[in-house]
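Residue numbers (the working numbering), protein chains in the order written: chain A, 3 to 555; chain B, 18 to 373.
Glycine included, each C-beta is placed from N, C-alpha and C at the ideal position.
The structure under discussion appears below in the form of structure tokens.
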Amino acid sequence: MSSASSTTSGAAKPAGSTRAKPANKWEQAADWTDGRLGIYSLAKANLRKIFPDHWSFMLGEICLYTFVIIILTGVYLTLFFKPSMGEVIYDGSYIPLKGIPMSEAYASTVDISFEVRGGLLVRQIHHWAALVFVAAMLVHMMRVFFTGAFRKPREINWVFGFLLLVLGMFDGFFGYSLPDDLLSGTGIRFMEGAILAVPLVGTYIQMFLFGGEFPGHDIVPRFFTIHVLLIPGIMLGLLVAHLILVFYHKHTQWAGPGKTEKNVVGMPLMPVYMAKAGGFFFLVFGLIAAVSAIATINPIWAYGPYRPDQVSTDAQPDWYMGFSEGLIRVMPGWEIGLWGHTLNLGVFVPLMIFPLVLVAIAVYPFIESWVTGDKREHHILDRPRNAPVRTALGAAWISLYLVLLVGGGNDLFATHLHLSINDITYFVRVGFFVVPVLTFIATKRWCLGLQRRDKEKVLHGRETGVIKRLPHGEFIEVHAQLPQADLHKLTSHEQPPVFELPAETDENGVAAKAGLIPRTRAKLSRGFYGEGSRIPKPTAEEHHEITSGHGHH
Amino acid sequence: MSHDMSEEKLPESHGSAGHHEVAAHGDPFADPGLPAHQPRRTDIDERAAQRAERQVSLMFVVSMLATVGFIASYVAIDPDKIVYIFPLGHVSALNFALGMTLGVALFCIGAGAVHWARTLMSDHEIPAERHPIEADDEVRADVIEQFRTGAAESGFGRRKMIRNTLIGSMALVPLSGVVLLRDLGPLPEDKLEHTGWREATDVKPLQLINMNTNQPMKAEDVIVGSLTFAMPEGLSTHDEDFQQQIAKDALMLVRIAPEDIKDTESREKGFEGILAYSKICTHVGCPISLYEQQTHHALCPCHQSTFDLADGARVIFGPAGHPLPQLKITTDEKGFLVATGDFDEPVGPSYWERAR
């Protein structure tokens, strides 16, 4: 309003900015943003960042995308869900439940399913995405494990990923506890029993968690806060850290021509991976939406509201909690009386084995690097066959998981396969100890067989299917030499030396026995890399001798 | 497939064939380096490229149509409408229509983008260098030196009293957070030891109310081989704390021919062969609901703990650690089944303070 202070018109650029004039308004907007956020420096490193290509890298993407889907649908559900255990009499459109007393939590979940248009779909997408999320995390983790991608510098990211898996499992548990249907209430009752089995403090934790005796009025609102705020918040932080580390470390890659520990070969983020990865999000979302339209999951209206004195048969947790259910089902009911107290081993032992089964896999990278003494960075992946002991340990772990899953679903196995539930339980009790050992042995032998086949291929070439008759009448199959790229790929893996204990006597001839820890390490190292655990790689001399062609074929 | 693909456009004719193998000097396993780029059909055949472009666009158009279909379904379809769709059976029409249209709309965007990337965007592989994560020795020495300077300036190592009291205060302060959790719930006291049946006394016994009929029961109402569920008189499903009460009070009644009852103490607690056991499993507290009348075995469907009701509800299979508690019952002057006291041990799962 007052006199304008700007006097210069069409003046030269103000001093200090030497930047070239932007070519268009997009560049202008980018310049503006760069002046405040420094986006050019950020983009310089990342816009054409190289991603190696392998189908198994999709597994981690599925985890990320299902997590996003879960958050999107979860926010929608909170708009309609009432996390309250206040009692109401149902009077909605689902006739079989009319007039039945139930909690507001259950009633609002039924309403989401039948009154809110699209509510059922979003509920189904939320639950299906959660199942796929946990499954994808597990399979993604297997990929990382069996290829040795967890080795230095990626051990911390392995631990982050492990925490995401555990938190995902627990958030799933809290999530399906919220609707307060008959199945979810049974799950919470199981949790109460497990907490009560904790010595000394169990009853106190139970009273504080439930706000009094089971079930009380507090558990659903409390679980709601944990399910939508506490755990997802922690997971979001871990996820961001996980992805930052993936970017920082760059992807691992398979061995192959032109691929080394010092480079990463692939295609750039923009445009190929933006389109592929961005597009893949929509593929995952689209598929889960379609599955949710077709396949019903967790039909809480069929279970009915929770009543502590009622239960349905084949009460099952979601599959990812199945192994803990297996532990609790097959453990014998041991109780010990101690000076007027009860130590409920039948529940407490499974409660303690549960984290051990999980943690065993979390600490593996540190154990392996200690045994092997390998402190170098690794960016080239191992083929699972070339690390037989690791592969066998992973397979043994999976077999343990599956055995316990059979234990957790013993009622379904019994009814569907017409078996005695007692026999299944006895099988799982024995199988818990035996099956992982057998799996370990079988897998290791399988790996060694595959190594032998690789060696055979390198030295004798590929079978062509062409039969040649020699002058003296013998028939032989003609083998073709592998291309050099394949020879390189099949022979580029390392076969590190076994860790040996230092000599038993020092230079003065005085006996110096190694301590228990180095001796354990040497023994384990022999187990990892010793003669029984690998087939020596073909050498250039062997290859030369055979291919020089004097009577060999 | 290849009728519109002219022969002269095949890669061989372009002279970009195959590997350019490095002569191996003595080492047959040497890394031959990155293989030459293999052109795709869309790289060399403009017609194929144009077809791919049309395919991508078609997918995006299908997505647009599906989104319109989603909105139309939302508006047009009644939420209560049920349709039969083979092989799914009877499903909610709205849920099916919304899910399929949303699925197609999202999937086609993804499929279009991926197809675009795979056929039309460059597929030249590019190597990028990696750098070690670890800093070099110079940086390391510099940082350690700077940290030492900072630490020395703070006097943290020298002023031990400050250091120790700081550690002490930091160790104690989280306790406030733990203490704040105290009011989450009451103390256990003896809450887990008693049930609603404690109200029953010899003078004023409590009737057993049939859970199905909501009526008191006479002995003749319980027939041999049946399983009946009961709750204490005075408890109603409309009570504010019904859930909490029934979680402990739930009873199951069986009638077994007295000569078949193996446990004499158990027989004496019953009335003419009618035995009243807690319905709450002693494993983790699920309600027991499966009964096999031939063997008098009761099975918890959650974790398959199996109890022999003819033998003091002893555990004969599964993970439960001790028998089901039994409630002593008799009849009142009108002939109704009643309890005259509480269970003589806590019902449900065991816990540390539970006396054995």
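Interface annotation, A/LEU185: not in contact with chain B, CB-CB separation never under 8 Å. In the DSSP assignment, B/MET248 falls outside any alpha helix (DSSP H) and lies within the beta strand (DSSP E) extending over 244 to 249.
The beta carbon of A/LEU526 sits closer than 6 Å to the beta carbons of VAL373 from its chain, once the five residues preceding and following it are set aside; these are given in chain order. Annotation for A/SER326: PHE356 place their beta carbon closer than 6 Å to its own, counting only its chain and skipping 5 residues before and after. DSSP lists A/VAL90 as the bridge partner or partners of A/MET104. With respect to chain A, the C-beta atom of B/GLY302 has a partner C-beta closer than 8 Å. Between the segment 393 to 412 of chain A and the segment 429 to 449 of chain A there are three or more inter-stretch CB-CB distances shorter than 8 Å, so the stretches are counted as touching. From the beta-carbon of B/PRO52, the residues of chain A found nearer than 8 Å are PRO259, GLY260, ALA487.
Annotated three-state conformation of B/ILE150 is coil, per DSSP.
Between B/TRP214 and chain A, the shortest Cβ-Cβ separation is not below 8 Å. Residue contact with chain A for B/ASP359: absent (no Cβ-Cβ distance below 8 Å to any residue of chain A).
DSSP, read as helix, strand or coil, puts A/HIS495 in coil.
Not flagged as an interface residue toward chain A: B/HIS107, since no C-beta distance is shorter than 8 Å. About 6 Å separates the beta carbon of A/MET171 from that of A/VAL136, a gap short enough to meet the 8 Å contact definition.
Against chain B, a Cβ distance below 7 Å from A/HIS343 picks out TRP369, GLU370. Per DSSP, reduced to three states, the secondary structure at B/GLN163 is helical. When 7 Å is used as the limit between beta carbons, A/LYS264 is near these residues of chain B: GLU146, ARG147, in chain order.
In the pairwise beta carbon analysis, the segment 223 to 238 of chain A is classified as not touching the segment 130 to 137 of chain B: fewer than three pairs are separated by under 8 Å.
Interface criterion not met: the Cβ of B/GLY194 is under 8 Å from no Cβ in chain A.
Interface with chain A (8 Å Cβ-Cβ cutoff): B/LYS208 is included. What A/GLN453 touches in chain B, judged by beta-carbon distance under 9 Å, is nothing: the nearest beta carbon there is about 15 Å away. For B/ASP325, no alpha helix (DSSP H) encloses it; the enclosing beta strand (DSSP E) starts and ends at 323 to 325. A/ALA295 is not a Cβ neighbour of A/PHE164, given a cutoff of 8 Å. Listed along chain B are PRO304, each with a C-beta nearer than 7 Å to that of A/GLN312. Neighbours of B/THR254 in chain A, taken as residues whose beta carbon is under 9 Å from its own, are PRO103, ARG309 in chain order. Sequence-distant Cβ neighbours of B/LEU341 in its own chain, meaning closer than 7 Å and more than five residues away, are TYR294, SER295, THR299, PHE324, ALA330.
As computed with DSSP, A/PHE53 is found in a beta bridge with A/MET269. Using a Cβ-Cβ cut-off of 7 Å, B/TYR91 is close to ARG119, GLY120 of chain A, given in chain order. Contact note: B/ARG71 does not reach chain A at a C-beta cutoff of 9 Å; the least C-beta distance is about 17 Å. In the structure shown, A/ASN424 adopts helical secondary structure according to DSSP, grouped into three states. Among the bridge pairs identified by DSSP, A/GLU327 is matched with none.
Listed as beta-bridge partners of B/THR136 by DSSP are no residues whatsoever.
Where A/LYS470 is concerned, the enclosing beta strand (DSSP E) starts and stops at 464 to 471. Taking a Cβ-Cβ threshold of 9 Å, the residues of chain A close to B/PHE334 are ILE423, ASN424, THR427, in chain order. Pairwise C-beta distances place the segment 84 to 97 of chain B out of contact with the segment 51 to 61 of chain B, as fewer than three of them are shorter than 8 Å. In the structure shown, A/ASP183 adopts extended strand secondary structure according to DSSP, grouped into three states.
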